[in-house]
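Some notes on the structure that comes next.
Number of protein chains: 2
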Amino acid sequence: MAVSPEEVERRVDSLSHALRGSSLRLTHQRLEVIREVARSDEHPDVEALYRAVRERVPTISLDTVYRTVATLGDLGLVRRVALTPGPARYDANPSRHHHFVCTRCGLIRDVDDPELDAVRAPRGTASLGSVESVEVQLRGVCTPCHRKESDDHA
Amino acid sequence: MAVSPEEVERRVDSLSHALRGSSLRLTHQRLEVIREVARSDEHPDVEALYRAVRERVPTISLDTVYRTVATLGDLGLVRRVALTPGPARYDANPSRHHHFVCTRCGLIRDVDDPELDAVRAPRGTASLGSVESVEVQLRGVCTPCHRKESDDHA
DNA sequence: GTTACTGCAAACTTTTTGCACGACA
DNA sequence: TGTCGTGCAAAAAGTTTGCAGTAAC
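Protein chains in written order, with the numbering used here: chain A, 150 to 303; chain B, 150 to 303.
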């Protein structure tokens, strides 16, 4: 259940190198946040990372942890599990369906598709708990955002 | 793209009846929030619902909208699209994987499965935008929460 | 030596809560 | 009529930002 030491090392290396590659500084604080996020498979929130890192770097501040995960997220090195930042959004469509989410603007569109509906929980997940619903999330960049980006680069 | 009038009516009926069925009161405010959430397929946030409902019920308060969607959510009538309430959570697992999410306690566990990895975006989604990743989310109740609930009922 | 990063504090956004009044069943 | 729901206001929770000092390269 825990991430193996080798895998942790691999992740720390990979994250560190990616930072350097983007000519960002690998500070003491960033390194320890990276260690912590690499070591955990419990999808920690910022507060949990902060508590853990503070044992080794007692002077680190909560906002540095926020800034570090935001930086790692921008580089695509870590991922927010809950999709959209900002306010919670609601869906009253009672039929089974899936979602396309734009990672740029947060647009969410329903996706109806029989093949996606056919996806079932693997047997192995029964040990985690009882699965009550299966939803496929497609992440990408929506057409309007694409257009906007090519305009910006023009 | 808009929800058809018949479908809206069906949803409003269904939501209203479910409320009554739980011996909750169908107030003017609740009915209008229900109308609004049923009418939209844009996954509105609470603020957007508030703005829309206020055109018809100018005296409604933001917290009533919050309480109404929370009530509808508890009854399973509407769904938060972003999974977990509370703080954003991060994942440093770089390999393709999926998630099991407990709707009771918010536990998130990685799920590795080749069959889920094989799920592809349907062709039709190309019109929405470019799909960069496909993730399956399994929602349910984790084993510890199950145990806790049977204990509570004992 | 520069420039980017940090810590602090304050602000901002999103959501929740306590209380007294008003409205539904 | 009794109870549940509402509006108001304040607070809590989560996150972001400006600034001056500090540390990485």
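Even glycine gets a Cβ: it sits at the ideal position worked out from N, Cα and C.
When rounded, the separation of the alpha-carbon atoms in V214(A) and Q178(A) is 8 Å. With a threshold of 8 Å between beta carbons, G170(B) makes no contact with chain A. Under the three-state reduction of DSSP, C254(A) is assigned to coil, being neither helix nor strand. Close partners of Q286(B) in chain A (Cβ separation under 8 Å): V283, E284, V285, Q286. Between V152(A) and I183(A), the C-beta spacing is not below 8 Å. The count of Cβ pairs closer than 8 Å, one atom from the segment 211-226 of chain B and one from the segment 278-286 of chain A, stays below three, leaving the stretches out of contact. Under the Cβ distance rule, I209(B) does not count among the residues neighbouring chain A, no pair being separated by less than 8 Å. Burial is judged here by how many other beta carbons sit within 10 angstroms of a residue's own beta carbon; H166(A) has fewer than 16 and is exposed.
Within the segment 250-265 of chain B, the residues whose Cβ lies closer than 7 Å to any Cβ of chain A are, in chain order, C251, I257, R258, D259, V260, D262, E264, L265. Closest option to E156(B), judged by alpha-carbon separation, among L277(B), D190(B), T176(B): D190(B). Its chain contains I257 as the residues whose beta carbon lies nearer than 7 Å to that of R238(A), once the 5 sequence neighbours on both sides are disregarded; these appear in chain order. In terms of Cα proximity to L173(A), the closest of E264(A), P193(A), L277(A), L221(A) is L221(A).
With a 10 Å radius around the Cβ and a threshold of 16 neighbouring Cβ atoms, G170(B) comes out exposed. A distance below 7 Å between beta-carbons, with the five flanking residues on each side excluded, links D266(A) to the following residues of its chain, in chain order: R245. Secondary-structure assignment with DSSP links H248(B) through a beta bridge to D259(B), Q286(B). Counting of Cβ neighbours within 10 angstroms places C254(A) among the exposed residues, the total staying below 16. Cβ atoms of V206(B) and E185(B) stay farther apart than 8 Å, at about 10 Å. Counting along the chain, no alpha helix (DSSP H) covers G225(A), and no H or E run does either. The beta carbon of P193(A) is closer than 8 Å to those of E185, V186, A201 in its chain, skipping five residues each way along the sequence. Y239(A) is bridged by DSSP to R229(B).
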